[in-house]
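K.L.:
Protein sequence lines, in the order shown, are assigned to chains A and B. The numbering of the first sequence is my numbering, which starts it at 1 and goes up by one. The numbering of the second sequence is my numbering, which starts it at 403 and goes up by one. Every residue, glycine too, gets a C-beta built ideally from N, C-alpha and C.
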Amino acid sequence: MSTTTLAPVAPPERPPSRRRPPSPVRPHDFGVADMGLFLMCVASSLALAWVIFYQLTLLSGAFGFLIVWYALLLTLYWIATSQVVDRMTATDRVVSVVVVTGAAVILGLLLYVIVWVSAKAIPHIDLHLFTRDQKYFVLVGHNVLSTVGVAHAIVGTLEQVGFAALLGVPVAVATAVFLNEVGGRGTRLIRTVITAMSGTPSVIAGVFIYSILIINHVLGYSGFAAALALFVLLLPLVTRTTEEVLRVVPSGLREASLALGASEWRTVWSVVLPTARSGVVTAVLLGVARAAGETAPLLFTAFGSQVMNPNVFSHPQSALPLQVWTNARSADPILITLAFEAAFVLLVLVLILFVAARVLGRTRTGSRRSRRWRRHDPSILGPFDLQLAPVSSDAPTEGGQP
Amino acid sequence: MHVAADDALVGVRPPVTPITVRTDRRTDDKIFRAVVRAAGFGSLVLLFFIGLFLLLRGLPALHVMGWRFFTRSGYQTLGSHPTFGVLASLYGSVVVAVVALTVGVPIALTTSLFLSEYAPIWSRRTLIALVDLAAAVPSVVYGLWGFFELQPNLVGFSTWLSQHLSFIPIFKVVSPPVTSSLFIAGIVVGIMIVPIITSITREVFSLAPPGEREGALALGASRSQMIRSVVLPFGRGGMIGAIMLGLGRALGETIAVAIILGETFAISPHILQHGGTTIASLIAIHFPSGGPRGIADLLLCGFVLFVLTMVINLVASAVVNRSRSGAGVEL
Chain A
1 MSTTTLAPVA
11 PPERPPSRRR
21 PPSPVRPHDF
31 GVADMGLFLM
41 CVASSLALAW
51 VIFYQLTLLS
61 GAFGFLIVWY
71 ALLLTLYWIA
81 TSQVVDRMTA
91 TDRVVSVVVV
101 TGAAVILGLL
111 LYVIVWVSAK
121 AIPHIDLHLF
131 TRDQKYFVLV
141 GHNVLSTVGV
151 AHAIVGTLEQ
161 VGFAALLGVP
171 VAVATAVFLN
181 EVGGRGTRLI
191 RTVITAMSGT
201 PSVIAGVFIY
211 SILIINHVLG
221 YSGFAAALAL
231 FVLLLPLVTR
241 TTEEVLRVVP
251 SGLREASLAL
261 GASEWRTVWS
271 VVLPTARSGV
281 VTAVLLGVAR
291 AAGETAPLLF
301 TAFGSQVMNP
311 NVFSHPQSAL
321 PLQVWTNARS
331 ADPILITLAF
341 EAAFVLLVLV
351 LILFVAARVL
361 GRTRTGSRRS
371 RRWRRHDPSI
381 LGPFDLQLAP
391 VSSDAPTEGG
401 QP
Chain B
403 MHVAADDALV
413 GVRPPVTPIT
423 VRTDRRTDDK
433 IFRAVVRAAG
443 FGSLVLLFFI
453 GLFLLLRGLP
463 ALHVMGWRFF
473 TRSGYQTLGS
483 HPTFGVLASL
493 YGSVVVAVVA
503 LTVGVPIALT
513 TSLFLSEYAP
523 IWSRRTLIAL
533 VDLAAAVPSV
543 VYGLWGFFEL
553 QPNLVGFSTW
563 LSQHLSFIPI
573 FKVVSPPVTS
583 SLFIAGIVVG
593 IMIVPIITSI
603 TREVFSLAPP
613 GEREGALALG
623 ASRSQMIRSV
633 VLPFGRGGMI
643 GAIMLGLGRA
653 LGETIAVAII
663 LGETFAISPH
673 ILQHGGTTIA
683 SLIAIHFPSG
693 GPRGIADLLL
703 CGFVLFVLTM
713 VINLVASAVV
723 NRSRSGAGVE
733 L
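(1) Could you give the first and the last residue of the continuous alpha helix (DSSP H) run that contains residue 477 of chain B?
(2) In the DSSP assignment, the beta strand (DSSP E) including residue 443 of chain B goes from what residue to what residue?
(3) What does residue 508 of chain B touch in chain A if you count any residue whose Cβ is under 8 Å from its own?
(4) Check whether chain B comes within 8 Å of residue 263 of chain A, counting only Cβ atoms and requiring the distance to be less than that.
(5) Cα separation between residue 73 of chain A and residue 45 of chain A?
(6) Closer than 8 Å, CB to CB, is residue 731 of chain B near chain A or not?
(7) Assign residue 146 of chain A to one of three DSSP states: helix, strand, or coil.
(8) List the residues of chain A that residue 500 of chain B touches, going by C-beta distances under 8 Å, in chain order.
(9) In terms of residue numbering, what span does the beta strand (DSSP E) encompassing residue 485 of chain B cover?
(10) Which first and last residues belong to the alpha helix (DSSP H) in which residue 404 of chain A is found?
(11) Short of 7 Å in beta carbon distance, which residues of its chain neighbour residue 366 of chain A, apart from the five on each side in sequence? Order them along the chain.
(12) Is the CB-CB distance between residue 779 of chain B and residue 568 of chain B below 8 Å?
(13) Checking the sheet assignment: what are the DSSP bridge partners for residue 665 of chain B?
(14) Less than 6 Å between C-beta atoms, sequence neighbours within five positions excluded: which residues of the same chain meet that for residue 509 of chain B?
(15) State yes or no: is the beta carbon of residue 634 of chain B nearer than 8 Å to at least one beta carbon in chain A?
(16) How many angstroms separate the CA atom of residue 95 of chain A from the CA atom of residue 697 of chain B?
(17) What does the alpha-carbon distance come out to for the pair residue 221 of chain A and residue 455 of chain B?
(18) Would DSSP call residue 306 of chain A helix, strand or coil?
(19) Between residue 674 of chain B and chain A, is there a C-beta pair that is closer than 8 Å?
(20) Short check: CB of residue 540 of chain B to CB of residue 321 of chain A, under 8 Å?
(21) Beta carbon of residue 598 of chain B, beta carbon of residue 537 of chain B: below 8 Å?
(22) Using a Cβ-Cβ cut-off of less than 7 Å, list which residues of the region 202-231 of chain A approach chain B; keep chain order.
(23) If we define contact as Cβ-Cβ less than 8 Å, is residue 547 of chain B a contact residue for chain E?
(24) According to DSSP, is residue 83 of chain A part of a helix, a strand, or is it coil?
(25) Would you identify the three-state DSSP class for residue 565 of chain B, choosing helix, strand or coil?
(26) I need the straight-line Cα distance from residue 627 of chain B to residue 714 of chain B, nearest angstrom please.
(27) What is the rounded straight-line gap between the Cα of residue 191 of chain A and the Cα of residue 615 of chain B?
(28) Only counting the same chain, and skipping five residues up and downstream in sequence, which positions put a Cβ closer than 7 Å to that of residue 202 of chain A?
(29) Suppose only complete runs of 4+ residues qualify. What are the alpha helix (DSSP H) ranges in the region 564-621 of chain B, listed by chain order?
(30) Whole angstroms are fine: how far does the CA of residue 473 of chain B sit from the CA of residue 608 of chain B?
(31) From this set, B:591, B:600 and B:500, which residue's C-alpha is nearest residue 534 of chain B's C-alpha?
(32) Beta-carbon of residue 300 of chain A versus every beta-carbon of chain B: anything under 8 Å?
(33) Would residue 380 of chain A pass as an interface residue toward chain B - the criterion being a Cβ-Cβ separation below 8 Å?
(34) Would you call residue 40 of chain A buried or exposed, if buried means 16 or more other Cβ atoms sit within 10 Å of its Cβ?
(35) Using only the alpha-carbon positions, how far apart do residue 642 of chain B and residue 681 of chain B sit?
(36) Looking at the secondary structure, which residues open and close the alpha helix (DSSP H) in which residue 267 of chain A lies?
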């Protein structure tokens, strides 16, 4: 296969007997006829799968059918395309189908999860959800959904995540500055450790805070202990993303600042961080969004509670993910509905943080400045700019030499 | 203006006077460096403390059980004949992680190929954001979805597997219910680790040098051939690292597994049937119960999980960092 495609480059080695003259292969060309071919393959594989699955082998189950159908689709599509076009294109298109399927599966599942939780929760949501706690829930007896809510969990989550961010963000930014701006011995080790820590099971963070502070009564079960556990989680996440952002800051800015006589901390504080501001904000919000959804670290620290406790420093506190977990494990239908509602509120919170991060991150690192620079970068210039560029960029240096 | 300033300087300054260049740092910079370095090394200290304290507080469990802690399973910590250990949980964690990787890795790799090679340029930012969003969806939400929605739909598939492929031991079902199994938990965890693997492999794939890509295409390779001969070889290190990070994440996934899995301490090769346990779900489910001995057991289990995932993650992140920096991929 490769010899035919190489043929135009090296004519003497070309194999003599080939019916089709080597025409330029364009597997990307995908016209109406190709679309029709694909749809026909979909239809015929569906029919074939039905025959095999339900008529010949008497199998059952939607997932099994999907798998058989998909395998048949790929096979049929490959055979059909290799008959109509050629084998290379056939392989290429089958690979395209597989790749697109993978992406479609994960995006479809994401949509599925979000829509499913929303559909379970939205019909039951009323104002009480945001104003009441679960104080009036009695285990045995007549319960009404409108007497209970998750206000206590919302307050808990906001306080815990807020405190975690308050503690975590300065440390994370300082660590990122160390890794990217100062460097020196240990940088690689710390970078590796940070990456590894960001994959540490979240339950470990809670167990750690429990083992170091709560077991010996330095701190009771409280929202603050939960905030400390979330801090352990937040730190590597924010550090990693912030470091990526700082890496994009053009080194010309740093050098200009240092050359003007500014000290290092001045350069970082007034040049590097402001340039990367939107990226750092994105990093922080993404980290906070992840931390807000974590349940496991709260088990050992916030402990959970059924009543409102706005004091973050003492007594157990609830949080949205924790409330979802405890309510979903109960057998009471009211509590399970409440779990769905809490999950929905949590999902909305995470979505808001996420969208905010993306919107703020869209104003890219020094966007105005980079647009101005682009005019001087010959690699992105159009034909007309090319004539102007050398004059405008070289003029000062030529004039500067006596 | 530049010209004037330079001329003026040249005119004023004697040509050979040596100027002093300060090479020592100023005090404020020394303070700055010290503070920032402290933050950096703080994470090392934190990591060390996590390991140290989990081990210290878990030691009482080791005193009770001795080395049998690693060969027994169960959570009977009260009474005069305590039996507890990590073996079944460790086994369950590994099984869930293997199932998760089997499900997650193909989806993740194809998704990252789609994002870096196939998706139209204008849609990439949005699609990448969506995949990142999948990573931000709380694990408790995945757990709810897996238990209440996915499981009823998967039971048919599990039954189908157990009926038609029961000659393979892992698909055999000895005791009938196929709900709340390691298999279903593994599938949900597999979906959860897709975004993590994708975000790393996508980055590594997009780092494949454009010269080689264009070279392959110019020689007549189709897109899939170009991917096979350029993108995948260049991204191999990153792929391995990403999969290992996904493994670490799958081993430690807590709440989703705890919601789905019906806890039993049997070590059974039949992953389709009801029951099982993982280290993380054991910790989450039993936390306040079991008295001081139980707490120590859970902390020691946490230590085992911590060491396991840390070793995997350290190797993985070393591999990823190396392949990201471009070393080790020269051809």
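P.N.:
With the structure as the only source:
(1) Note, residue 477 of chain B: premise wrong, no alpha helix (DSSP H); beta strand (DSSP E) at 475-478.
(2) Counting along the chain, no beta strand (DSSP E) covers residue 443 of chain B; the unbroken alpha helix (DSSP H) around it starts and ends at 429-467.
(3) Those are 102, listed as they occur along chain A.
(4) So yes, residue 263 of chain A belongs to the interface.
(5) If I take the Cα positions, the gap works out to 5 Å.
(6) Confidence is the limiting factor: at residue 731 of chain B the pLDDT is only 40, short of 50, which leaves the residue's position unreliable, though a coordinate-based value still follows. Judged by the 8 Å Cβ criterion, residue 731 of chain B is not in contact with chain A.
(7) Here residue 146 of chain A sits in helix by DSSP.
(8) Near residue 500 of chain B there are no residues of chain A at all, since even the closest Cβ is about 17 Å away, more than 8 Å.
(9) Note, residue 485 of chain B: beta strand (DSSP E), 485-488.
(10) Outside the shown range of chain A (1 to 402) lies residue 404 of chain A, about which nothing can therefore be said.
(11) Because the pLDDT at residue 366 of chain A is just 44, under 50, the model does not fix this residue reliably, and the point stays unresolved.
(12) Since the displayed chain B opens at 403 and closes at 733, residue 779 of chain B lies outside it and no answer follows.
(13) Its beta-bridge partners are B:678.
(14) For residue 509 of chain B, where only same-chain residues beyond five positions count, the Cβ hits under 6 Å are 596.
(15) No, no contact with chain A.
(16) Cα-Cα distance, rounded: 51 Å.
(17) Near 18 Å, if we compare the C-alpha coordinates of residue 455 of chain B and residue 221 of chain A.
(18) If DSSP states are grouped into helix, strand and coil, residue 306 of chain A belongs with coil.
(19) Closer than 8 Å: no.
(20) Contact flag set, yes.
(21) Going by C-beta atoms, residue 598 of chain B is nearer than 8 Å to residue 537 of chain B.
(22) Listed by position, the residues of the region 202-231 of chain A near chain B (Cβ gap below 7 Å) are 202, 203, 204, 207, 208, 211, 212 and 215.
(23) Absent here is chain E; the protein component of the structure consists of chains A and B.
(24) It is helical.
(25) DSSP places residue 565 of chain B in helix when its eight states are reduced to three.
(26) Distance between the alpha carbons of residue 627 of chain B and residue 714 of chain B is about 32 Å.
(27) Going from the Cα of residue 191 of chain A to the Cα of residue 615 of chain B covers about 30 Å.
(28) Counting only Cβ-Cβ distances below 7 Å, and skipping sequence neighbours, we find 233, 294, 296 and 297.
(29) The region 564-621 of chain B contains these whole alpha helix (DSSP H) runs: 584-608 and 612-620.
(30) Cα to Cα, the separation comes out at about 46 Å.
(31) Its Cα nearest to that of residue 534 of chain B, the residue B:600 stands out among B:591, B:600 and B:500.
(32) Yes, residue 300 of chain A lies at the interface with chain B (some Cβ there is under 8 Å from its Cβ).
(33) Residue confidence for residue 380 of chain A is low, a pLDDT of 38 falling below 50, so the modelled location carries little weight and cannot support an answer.
(34) It is exposed - the Cβ of residue 40 of chain A has fewer than 16 other Cβ atoms within 10 Å.
(35) Whole-angstrom Cα-Cα distance: 24 Å.
(36) Note, residue 267 of chain A: alpha helix (DSSP H), 264-267.
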